[in-house]
Amino acid sequence: MTTTWEKNWEKIVGFLFILPSLIAISVFVYGFIGWTSWVSVSNWTRGAAPNYTYGGFDAYARLMGVGERYAAGIDARRFSSSLRNVIGFTLLFLVSCILIGFFLAALLDRHIVGEGFFRSLFLFPMAISFIVTGLAWRWLFTPGDPNLGTVGVNRIFENLGLGFIRPNWASDVVYHIPANSGLGELLNGVGLGWLASPSFGLSLGVITLTIAAMWQLSGYTMALYLAGLRGISDDLREAARVDGASEWQIYRYIIIPLLKPVTLSVVVILAHISLKIYDLVVAMGGVGQGFVKDVPAYNMWETTFEQARFSAGAAIGVILLILISLLIVPYLTISMRQQEER
Amino acid sequence: MATQTAPPPKPRSPFRWTRWLIYAILLASTAFYLLPVYLILLTSFKQYTDIDLYRMWQPPPLFNLPDCTNAFIFCFDSFYEAWFGSPAVIGMGQAFINSVITTVPSTVISTLLGSLNGYILSKWKFKYADVVFPLVLFGMFIPYQSILIPLTLTLRAMGLYASLAGLNFVHIVYSIPIAALIFRNYYATIPNEMVEAARIDGGNIFSIYRHIILPLSPPAIVVVLIWQFTNIWNDFIFAVTIAQNQNQPMTVALNNIAGSFTVQWNVQMAAAFLTALPTLLVYIVLGRYFLRGLLAGSLKG
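Right, here's the structure in full:
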């Protein structure tokens, strides 16, 4: 038998092996987050030379449009537009990936000939860079000149007899509930009038981002759901069928509730990708007229590395981190607790 | 009901209309997933004189290639231009070498490190290991925008800014969490009794790793290698911030070609095809493991 002393000695050796990684993470993740936070409240407003003296929360005030001086400023307009876009993008992206991913998984789960082929085919976009994906979809959504004919996906709609679908994908219009419409007045009546404003609108640019991202990751969602479906025993479904449950009821009352943990993972993984989306926006032609396609991650990079406004860029980075932490911290806490219980 | 006494319906009866509907939907989805690939291939084999927005869905002309300098059935001029670039942007040839130098060492080192970390975190838990682990994991979810400013300053101070070694370093550091996660979850499936038995036989922390853990590791190693390879190859944010000019990997070079050859989108598409090819090949050859790697990324192991 080994003695306690030996066991402790080995634990110390083990700890020494993992120590460099722990130090790297504490410096490059936590230390750097602290450093960025300090930059965001420092006097390092412009230029490449750092100035670490405390300067207050001016950068945040500008972004949030606090006070009369900043309310109408371009920083506030751009930032609120980028927040609106990334939240709209995330919601649309999550819903479309979950619906399509689950639907395809449910189809593939029904003893399909060529299942392996379809599965690989739906999944392959996952292996491709967002830059490639974005570039291809950018050309598919090229507006073209309507007088010379239809282009890209609009041409496909036309050939399918759906020629009435020909949006100008590059338009800078932000669609929202009109304040003077019936719905707008109804919302106003219950104190939700602010919902009927461009601040809660959606541009076609955001839709193009959503479709490209969905093309890339709906197959991945499908794979996660398919693995989940394979984990549900056939006996359970057979038993429900014998009891006279319809296929719809089996999905509604047995399968979907059993797949809840998969859905939770899907939501967390997809949302953390979409909240920090950056490269896709770059490849699809940037923020667009009036920032209709801007997102915080893009805003931060441009503000910091092109305009050399470091405190402002750092502040956007910190806000983006907080946004993602609201999602990740509860998730990590819950999954760690579950692991301890097991 | 009469059907209840009958044997359950055969799952493969191809004559029910719902089966046809399912296949119709699957084929329509196939068309959707292949659409961008089709456009990339179609356009990259065209010459500059053949690219026209209003004829973008027409296939490239075959055999009849009077103005094409690099032809064999198809015209390869777009690939030629993409590969060699222009005075303004580096070509995909140089970028390919940069991507290999960035990706291969980072992938191998982070896999080795991940295996070691996963081993300690699952079999040699130190005090507070279960508190430290989620704190490490948090590192894989952070938006890199929240650390980019200190990172560029630190890399400059270390003399690693604008170098491929700097990119290697960054990729290794920020892949510690995901590599540790996959290995830890995998090693958790190896019974602790095996480790205990080896200890009774006089094994120590090194010999147990060498003779028990490592021989059982190949499935997890393959998963992490593929996962890391695709992620690092496809990285853009670190590359665009850290690499400069001649150092740029393929994703950044592709973006620059898209900005530089704005009208010649046949060249853009050829460059896009070249960028996607390595990870696609890995996916085609090792797809099964790739899928496992994706599932491991869901925290459930």
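Note that the protein sequences, when read in sequence, are chains A and B.
Start counting the first sequence at 1; every next residue gets the next number (my numbering).
Start counting the second sequence at 343; every next residue gets the next number (my numbering).
Heads up, the beta-carbon is just placed ideally off N, CA and C, and yes, glycines get one too.
In this text, all values refer to a predicted model and were calculated from it rather than measured experimentally.
*So with Cβ pairs under 8 Å, would you call V478/B a contact of chain A?*
yes
*Three-state class that DSSP yields for I324/A in the structure shown*: helix
*Are any of the Cβ atoms in chain A nearer than 8 Å to that of S371/B?*
yes
*Using CA coordinates, which residue listed in L622/B, R630/B, A530/B is at the minimum distance from K467/B?*
Selected option, being the one with the closest Cα: A530/B.
*List the DSSP bridge partners of L202/A.*
Y175/A
_Interface residues of chain A facing L455/B [CB-CB closer than 9 Å]_ = In chain order: P20, S21.
*Using beta-carbon positions only, say whether A437/B and Q586/B come within less than 8 Å of one another.*
Taking 8 Å as the Cβ cut-off, A437/B and Q586/B do not qualify as a contacting pair.
*Pick out whichever of A314/A, M214/A, R337/A has its Cα sitting closest to the Cα of G34/A.*
A314/A
_Neighbourhood of Y331/A by C-beta, 8 Å cutoff - its chain only, sequence neighbours within 5 removed_ = L264, V268
*Run down chain A in chain order and give the residues with a C-beta less than 9 Å from the C-beta of P401/B.*
Residues of chain A passing the Cβ test: none, with the nearest at roughly 15 Å.
*Are S81/A and M214/A closer than 8 Å when you measure CB to CB?*
no
*What does I532/B reach in chain A if we use C-beta pairs closer than 7 Å?*
Ordered by position in chain A, no residue passes the 7 Å Cβ test against I532/B, which lies about 16 Å from the chain.
*Within 10 angstroms of its Cβ, does K388/B collect 16 or more other Cβ (buried), or is it exposed?*
buried
*How many angstroms separate the CA atom of G144/A from the CA atom of I277/A?*
27 Å
*What did DSSP end up calling Y278/A once you bin it into helix, strand or coil?*
Three-state result, Y278/A: coil.
*Apart from the five residues just before and just after V132/A, which ones in its own chain have a Cβ nearer than 8 Å to its Cβ?*
A283
*What's the C-alpha gap between I177/A and I207/A?*
Their backbone Cα atoms lie some 17 Å apart in a straight line.
_Own chain partners of P356/B with C-beta closer than 6 Å, once the 5 adjacent residues on each side are dropped_ = For P356/B, the predicted model reports a pLDDT of 48, less than 50, meaning its position is unreliable and no value from the coordinates is stated.
*Kindly indicate which residue of L404/B, N440/B, K469/B, P403/B has the alpha-carbon position closest to the one of I584/B.*
Looking at the Cα atoms, N440/B is the closest of the given residues.
*Around the Cβ of W575/B, are there at least 16 other Cβ atoms within 10 angstroms (buried) or fewer (exposed)?*
buried
*Which same chain residues, not among the five before or five after P125/A, have their C-beta less than 7 Å away from its C-beta?*
T133, W215, Q216, G219
*Is the segment 103-110 of chain A close to the segment 221-230 of chain A, with three or more CB pairs under 8 Å?*
yes
*For the alpha helix (DSSP H) that contains P591/B, what are its first and last residues?*
Here P591/B belongs to no alpha helix (DSSP H), and DSSP marks it neither H nor E.
_Under 7 Å from the C-beta of I254/A: neighbouring residues of chain B_ = Within chain B, no residue comes near I254/A; the closest Cβ sits about 17 Å away, beyond 7 Å.
_Segment limits, alpha helix (DSSP H) that includes G508/B_ = 506-516
*Can you pull the chain B residues whose beta carbon is under 9 Å from the beta carbon of P125/A, in chain order?*
Y375, P378, V379
*Are L209/A and F130/A closer than 8 Å when you measure CB to CB?*
no
_Proximal residues to P198/A (C-beta, below 6 Å), its chain only, five neighbours per side dropped_ = V174, H176
*Taking C-beta pairs closer than 8 Å, name the residues in chain B that M64/A reaches, listed in chain order.*
Chain B residues near M64/A: none, gap ~18 Å exceeds 8 Å.
*Give me the Cα-Cα distance between A612/B and V450/B, rounded to the nearest whole angstrom.*
Rounded to the nearest angstrom, the two C-alpha atoms are 29 Å apart.
*Residues of the segment 233-245 of chain A with a CB closer than 7 Å to any CB of chain B: list them in chain order, please.*
none
*Do we get a CB-CB distance below 8 Å when we pair R110/A with the residues of chain B?*
For R110/A, the answer is yes, since a Cβ of chain B falls inside 8 Å of its Cβ.
_Short of 7 Å Cβ to Cβ, which residues in the segment 81-93 of chain A face chain B?_
none
*Members of the segment 586-608 of chain B that neighbour chain A once the beta carbon cut-off is set at 9 Å*: Going along the segment 586-608 of chain B in chain order, one finds M592, T593, V594, L596, N597, A600, W607 with a Cβ nearer than 9 Å to chain A.
*asked:* I'd like the span of the alpha helix (DSSP H) that includes D75/A, first residue to last.
replied: First-last of the alpha helix (DSSP H) with D75/A: 74-108.
_Assuming the contact rule is C-beta atoms closer than 8 Å, A127/A and T621/B should be a hit. Round their C-beta distance to whole Å, please._
Between A127/A and T621/B a beta carbon distance of about 5 Å is seen, short of the 8 Å cut, so the two are scored as contacting.
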